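Worksheet for the structure shown next.
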Amino acid sequence: MGEYEVKQINNLLNCDLDSLVKQSKEGGFRFVERLVNDYKSGSNTFNHSGEGLFGVFSKEGVLVAIGGLN
14 MGEYEVKQIN NLLNCDLDSL VKQSKEGGFR FVERLVNDYK SGSNTFNHSG EGLFGVFSKE
74 GVLVAIGGLN
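Reminder that position 23 of the sequence shown reads as 36 in the numbering used here, one-by-one numbering, no gaps.
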């Protein structure tokens, strides 16, 4: 298993999510696509007190997982 780093994501739109969205949809899950759509619409941007959006990045800087806390 490689090295990974968890980082807070301050602007989701600056992340390359195409691969993650594609893989999740192929697996029958649409939550990553919904996360992106909600973020773009402003309905869920994880900017309230105590909230946060986090990504797991490979040592090459590739986003391999994402999750948020509301």
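We treat Cβ as the ideally placed atom computed from N, Cα and C, and that holds for glycine. Here the structure is a predicted model, which is why all the values come from computation and not from measurement.
Open item on the list: Would glutamate 16 and valine 34 qualify as a contact pair, given that the criterion is a beta-carbon distance under 8 Å?
Closed with: Against a cut-off of 8 Å, the Cβ pair of valine 34 and glutamate 16 comes out as no contact.
TODO: Pull up the distance between the alpha-carbon of isoleucine 79 and that of glutamate 39, whole angstroms please.
DONE: Those two C-alpha atoms are separated by around 17 Å.
Task: Pairwise C-alpha distance: asparagine 27 and asparagine 57 - done: Cα-Cα distance, rounded: 16 Å.
Task: Sub-8 Å separation of isoleucine 81 and leucine 48 beta-carbons - done: Note on residue identity: the sequence assigns glycine, not isoleucine, to residue 81. Against a cut-off of 8 Å, the Cβ pair of leucine 48 and glycine 81 comes out as a contact.
Task: Sub-8 Å separation of leucine 66 and leucine 25 beta-carbons - done: Yes, these two residues count as a Cβ contact at 8 Å.
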